[in-house]
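Every letter in the sequence shown is one number past the one before it in this note's numbering, and letter 106, counting from 1, is 116.
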Amino acid sequence: EHQAFGVGVYHYFRDYPVVAHTGIQAPAAVVSSFHSPLVVFLNGYGTVDHVINDYGSSTHSNGQGGAVVATWCGGAPAPPPPPPPTPTPTPSGSCNVGDVVQCPGKTTNCAGNQCCPDNSVCPSADD
């Protein structure tokens with residue numbers, strides 16, 4: 011049985027604005043066995059349209075410099091991470107990108123572009 015945990019593709023197209031349809035191409039029968047795959051734009055030019063096959067958002071320059079990360083929370087849940095430190099609650103029910111927050115309806119925490127145990131996107135993920 012195929013299982014893939016934390017598979018990541020990092021792209022840096024230095025000279026040309028390359029457009030790749032997907033960072034990870036896999037047979038449809040094994041897509042659900044990828045747990046929290048990701049694609050990361052590092053710098054340069056170019057775009058990766060999807061994380062795996064036709065799933066997940068694109069990565070490209072955001073005009074602010076620095077890495078841009080896209081994850082896909084489909085498939086089976088990832089193995090549970092070690093418990094993070096207890097966060098300070100964010101006031102007034104709002105949060106900032108990257109804040110450590112509680113997953114909706116769960117007792118586990120997440121931060122930024124992580125997936126919650128039910129494969130939902132963390133409330134503090136960037137759009």
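The beta carbon of each residue, even a glycine, is placed where N, CA and C say it ideally should be.
My understanding is that PRO127 touches CYS105, with C-beta atoms under 8 Å, so please give their C-beta distance in whole angstroms. Taking the sequence shown and counting its residues from 1, one reaches residue 127 at position 117. Taking the sequence shown and counting its residues from 1, one reaches residue 105 at position 95. Contact flag wrong, Cβ pair sits at about 18 Å.
| field | Option in PHE51, CYS83, LEU48 and TYR22 with minimal Cα separation from SER130 | value | Sequence index remark: in the sequence shown, residue 130 carries index 120 (1-based). Measuring from the Cα of SER130, the nearest candidate turns out to be CYS83.
So the candidates are GLY73, SER46, ILE34 and PHE44; which of them puts its Cα closest to the Cα of VAL58?
Counted from its first residue, the sequence shown places residue 58 at position 48. Among GLY73, SER46, ILE34 and PHE44, the Cα nearest to that of VAL58 is on ILE34.
- Query: Rounded to a whole number of angstroms, what is the C-alpha to C-alpha distance between VAL19 and THR81?
  - Reply: Translated into positions along the sequence shown, residue 19 becomes position 9. Translated into positions along the sequence shown, residue 81 becomes position 71. Their backbone Cα atoms lie some 10 Å apart in a straight line.
Worksheet item: Are the beta-carbon atoms of LEU48 and ASN123 separated by less than 9 Å?
Response: By 1-based counting over the sequence shown, the position of residue 48 is 38. By 1-based counting over the sequence shown, the position of residue 123 is 113. Yes.
(request) Return yes when the Cβ of ALA39 is within less than 9 Å of the Cβ of ILE62, no when it is not. (result) Here the question's residue 62 lines up with position 52 in the sequence shown. Here the question's residue 39 lines up with position 29 in the sequence shown. Result no, Cβ atoms of ILE62 and ALA39 do not sit closer than 9 Å.
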